[in-house]
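63 is the number that my numbering gives to position 63 of the sequence shown; each next residue is one higher, with no gaps.
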Amino acid sequence: MAFTEELPPELQAFASLLDAQQSPVREIFAYCLCLMMVEAGKMRLLETKPGETAPLYVFTTVAGDTFAVPRPAMSPGQEADVIAMLREILKDEGLL
1 MAFTEELPPE LQAFASLLDA QQSPVREIFA YCLCLMMVEA GKMRLLETKP
51 GETAPLYVFT TVAGDTFAVP RPAMSPGQEA DVIAMLREIL KDEGLL
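As structure tokens, then:
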């Protein structure tokens, strides 16, 4: 993933921590962060389509960038927990 240099300074340490995690953890956080950005009006879900191993969620940003993120294997409760944790981090950094 390694997108640390594109982020605001207040999120670079968090992104570095995520980049150091194993793939399933990065995928869960990326997916949940996308859902939060949709909730915040920063992105829009365009479509969901079948992927090789999991459904792909196709998003577009307010800047017009489009990308797909696979839905990781997790329960609705796990998804809610990760979103709550991300929401708290972003609020603490003044980004939400």
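A virtual CB, placed ideally from N, CA and C, is assigned to each residue, including glycine. Please read all numbers here as calculations on a predicted model, not as lab measurements.
Would a C-beta distance cut-off of 7 Å place Val69 and Ala40 closer than the cut-off? no
Nearest to Thr66 by alpha carbon, out of Pro72, Ala15, Val82 and Val38? Val38
The alpha helix (DSSP H) with Lys91 in it runs from where to where? Pro76 to Asp92
Under 8 Å: do the stretch 41 to 59 and the stretch 67 to 87 share three or more Cβ pairs, one atom per stretch? yes
With 16 other CB atoms within 10 Å as the buried threshold, where does Met43 fall? buried
Beta strand (DSSP E) segment containing Arg26, residue limits: Unbroken run through Arg26 is the alpha helix (DSSP H), Ser23 to Glu39; no beta strand (DSSP E).
Could you pull out every residue in the same chain whose Cβ sits closer than 8 Å to the Cβ of Cys32, ignoring the five residues on either side in sequence? Within the same chain, Cys32 has close Cβ partners Glu79, Val82, Ile83 and Leu86.
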